[in-house]
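In what follows, a single structure is set out as structure tokens and then discussed.
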Amino acid sequence: MALPAKPPISRQARADHAVRRAQIGDLDGAKSAFEEAIAFDRRNPDLLFNLAIVEEQRGNADGAASRLSQLLDLKPNYPQAASRLSRLLARFQISELAQISAGGLKAAILTPGTGQQPLVDTAFAWIFSQKPPLAALVERLQFDPSDTLATGRAFLDSLTTDNQLLVIALRAGIVRNPLQEMALTGVRAMLLLECDAGRFEDRLLTELAVALLAQGCNNDHAWAETSAETGALGALAIDRQKLIGGDIETSRRFLLRALYRPLDQIVTPPLSIDEARRLKPRILRDTAVPHLEALQRQRTFARDIPVLKPFADATSRRVAGQYEEAPYPRWQSLHRSQAGSLKRALSQHFPIDKLAFMDGSFDVLIAGCGTGQQALQSSTAYGPNARLVAMDLSAASLGYATDMATVHAIDNVTFVQGDLLDCGSLDRTFDIIECVGVLHHMADWRAGWAGLLHQLKPGGLMYVGLYSAISRTNLRTLRSEPNYPGPSCSNDAARRYRHELIMRPEGSPGSELKISRDFYALNAFRDLVLHESEAHVTLEEIAEFLGRNRLMFRGFTVEPQIATEFTAEFPGRPLPGSLNDWSAFERDHPRTFDGMYRFWVTRENGSAPQTPCA
135 MALPAKPPIS RQARADHAVR RAQIGDLDGA KSAFEEAIAF DRRNPDLLFN LAIVEEQRGN
195 ADGAASRLSQ LLDLKPNYPQ AASRLSRLLA RFQISELAQI SAGGLKAAIL TPGTGQQPLV
255 DTAFAWIFSQ KPPLAALVER LQFDPSDTLA TGRAFLDSLT TDNQLLVIAL RAGIVRNPLQ
315 EMALTGVRAM LLLECDAGRF EDRLLTELAV ALLAQGCNND HAWAETSAET GALGALAIDR
375 QKLIGGDIET SRRFLLRALY RPLDQIVTPP LSIDEARRLK PRILRDTAVP HLEALQRQRT
435 FARDIPVLKP FADATSRRVA GQYEEAPYPR WQSLHRSQAG SLKRALSQHF PIDKLAFMDG
495 SFDVLIAGCG TGQQALQSST AYGPNARLVA MDLSAASLGY ATDMATVHAI DNVTFVQGDL
555 LDCGSLDRTF DIIECVGVLH HMADWRAGWA GLLHQLKPGG LMYVGLYSAI SRTNLRTLRS
615 EPNYPGPSCS NDAARRYRHE LIMRPEGSPG SELKISRDFY ALNAFRDLVL HESEAHVTLE
675 EIAEFLGRNR LMFRGFTVEP QIATEFTAEF PGRPLPGSLN DWSAFERDHP RTFDGMYRFW
735 VTRENGSAPQ TPCA
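In terms of our numbering, the sequence shown opens at residue 135 and continues consecutively.
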């Protein structure tokens, strides 16, 4: 007698089995089970998402990224996948670009509330890897920079109807690769010097040109230009009446100049919003108008920012002047964290009972908020219980921050203009103070830090970022060179100097700056290399300050692999470790902190700062 056939395993049963394997920590078994489930249910995005999580836990970043991009190609509206892909790409460089779905990258970049720059970086890498002739030309740029125009020609010749990812990436973020930048600089030069008016009737070419215009807005027009380009720009006469009357040739000239200069500096006086709404073609109008509207809103907000008191400190006035001229950073996207996620992150640094105050209303000071990206990201991560005050020297930066808070519908942040030396005028204390990348730009970082401590509640938490003297040795070398242009140099001089650093051979002073994310926008380059005032601090100096002010070190913010290496070198000394041990570790690994120490401290209950408040 024949045995009855086994009933087929349902799709849900296969999925449940895979989840159980993952829950008990059998990652290899979970991977196989999810792959088997997907073979029977190929269009199930949740299976792909869970498999991506398993691949990431297995240490297979390429596999996780591939699965997430496939998922987003299948289901573009999947915010959790877009967010996870962005975070993954921020931590890992993908080697198997051929396995990444371009459609998935596009969907992720276009997902609101997702950090776009890591996705944009991968999109550009994917684009250049998919065009073999162009990739070969770009490689040649390493050896012969005169091939820039040839690369531009090749790029334009390669234009096809599948260039949507390129256009989206140019609009959404910043090109942060020197060879890619040089290639696209060649494209820009081609558009100006060698493309006749007739070629602009090509919709694809015009679409690319307008995307390059947007890229110039994003990177603050950081790309260098040749004397031939400067001369050609000067010869582009623009008749205002013809421009707003829709004359195609005048519009082409406007577009070409806007590839090199800010939109509000193309004609004098600048175009009004109403005039910009009459630009042609439509793709140019639809890009120019929102940008000019944003500039107008930011200037209006800047005028209305409340001021604590006039700046008395000369260094503060100089630094404020730098950021009034070049607000930093000009960011394009905001990664919205899950409300309360920062409390979970802080549990790695503090006992959970130390964070109980976050279950009710609590107060946070962002001291030196710049253009607001850190403040707005923190506001979403702290959640609705947090009441944030964000303070900065620069009204222009605060105008930008206020505008972005409005755009992203964040209403629990109050912006105020003031010097950290005057923070006592806030007349309130805070449970948490964040001060990252600010104190080292003051005349006396110790006095600035001590002043903030007077605003920190007993038992309060503080997050501090200070330049590492070891990591920034290269910057001190550059400042001593005879051709260093100085903090107050013109934008043209800053662009030329930046291009010179790009062209320096590997291993020469300044060549390593190309790995910094702040190298690729002009406002960020000024902050990185041409700052009005900066101090470099040692861990020994930080330890001395903490001891004098009864502050307890609670740990650095570093990548997991760095923490793993530290514990391997100092076994038996659990994290957060001592600053003495970290100092020894940094001497052996000078790039540990990527230029800046970022760390948490807490103020012991009942203690008060010992350093006098300036």
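Beta carbons are placed, not taken as given, at the ideal position from N, Cα and C, and that holds for glycine.
{"query": "Just to confirm, is the Cβ distance from residue 389 to residue 425 under 8 Å?", "result": "no"}
{"query": "Taking contact to mean at least 3 C-beta pairs separated by less than 8 Å, is the stretch 660-673 in contact with the stretch 566-583?", "result": "yes"}
{"query": "In whole angstroms, what is the alpha-carbon distance linking residue 184 and residue 496?", "result": "35 Å"}
{"query": "According to DSSP, is residue 379 helix, strand or coil?", "result": "coil"}
{"query": "Is residue 182 near residue 236, with beta carbons less than 8 Å apart?", "result": "no"}
{"query": "Could I get the ranges of all uninterrupted beta strand (DSSP E) runs contained in the stretch 557-614, with 3 residues as the minimum, in chain order?", "result": "564-570 and 590-601"}
{"query": "Can you name, in chain order, every residue of its own chain whose Cβ lies under 8 Å from the Cβ of residue 594, other than the five neighbours on each side?", "result": "563, 564, 565, 566, 567, 736 and 737"}
{"query": "Give me, in chain order, the residues of the same chain whose beta-carbon lies closer than 8 Å to that of residue 175; leave out the 5 immediate sequence neighbours on both sides.", "result": "145, 148, 149 and 181"}
{"query": "When you compare the CB of residue 337 with every CB in chain B, is at least one pair closer than 8 Å?", "result": "The structure shown contains no chain B; it is built from a single protein chain."}
{"query": "Report all residues from its chain with a CB closer than 7 Å to the CB of residue 418; omit the five preceding and five following residues, and keep chain order.", "result": "344, 385 and 389"}
{"query": "Express the C-alpha separation of residue 213 and residue 629 in angstroms, rounding to a whole number.", "result": "37 Å"}
{"query": "Would you call residue 172 buried or exposed, if buried means 16 or more other Cβ atoms sit within 10 Å of its Cβ?", "result": "buried"}
{"query": "Under three-state DSSP, which class holds residue 501?", "result": "strand"}
{"query": "Looking only at DSSP bridge pairs, what is residue 521 linked to?", "result": "497"}
{"query": "When the Cβ atoms of the stretch 534-544 are set against those of the stretch 597-607, are three or more pairs found closer than 8 Å?", "result": "no"}
{"query": "Closest to residue 643 by C-alpha separation, out of 660, 610 and 515, would be which residue?", "result": "610"}
{"query": "Kindly identify the DSSP beta-bridge partner or partners of residue 685.", "result": "737"}
{"query": "Can you give me the C-alpha to C-alpha distance between residue 394 and residue 350, rounded to a whole angstrom?", "result": "7 Å"}
{"query": "Residue range of the alpha helix (DSSP H) that residue 719 falls in?", "result": "713-722"}
{"query": "In angstroms, rounded to a whole number, what distance separates the CA positions of residue 733 and residue 716?", "result": "12 Å"}
{"query": "Of the residues 308, 407 and 720, which one's Cα is nearest the Cα of residue 427?", "result": "407"}
{"query": "When burial is assigned at 16 or more other CB atoms within 10 Å of the CB, is residue 359 buried or exposed?", "result": "buried"}
{"query": "For residue 261, tell me which candidate among 533, 232 and 244 has the shortest Cα-Cα distance.", "result": "232"}
{"query": "At 4 residues or longer, what runs of the alpha helix (DSSP H) sit wholly inside the stretch 162-246?", "result": "179-191, 195-208, 213-225 and 236-243"}
{"query": "Could you have a look at residue 456 and say whether DSSP puts it in helix, strand or coil?", "result": "helix"}
{"query": "Do the stretch 472-490 and the stretch 508-518 touch if we need at least three Cβ pairs shorter than 8 Å?", "result": "yes"}
{"query": "Determine, using beta carbons only, whether residue 631 and residue 619 come nearer to each other than 8 Å.", "result": "yes"}
{"query": "Output the boundary residues of the beta strand (DSSP E) element that contains residue 551.", "result": "547-551"}
{"query": "List the residues that DSSP assigns as beta-bridge partners of residue 690.", "result": "733"}
{"query": "Please report how far the alpha carbon of residue 230 lies from the alpha carbon of residue 203, in whole angstroms.", "result": "13 Å"}
{"query": "Given a threshold of 16 other Cβ atoms within 10 Å of its Cβ, counted over all protein chains shown, does residue 469 qualify as buried or as exposed?", "result": "buried"}
{"query": "Just how far apart, CA to CA, sit residue 372 and residue 401?", "result": "8 Å"}
{"query": "Output the distance between the C-alpha atoms of residue 502 and residue 369, rounded to the nearest integer angstrom.", "result": "43 Å"}
{"query": "Given a cut-off of 8 Å on the beta-carbon distance, is the pair residue 152 and residue 167 in contact?", "result": "yes"}
{"query": "So, with DSSP's three-state summary, where would you put residue 671?", "result": "strand"}
{"query": "Give me the residue from 352, 582, 409 and 453 with the minimum Cα distance to residue 652.", "result": "352"}
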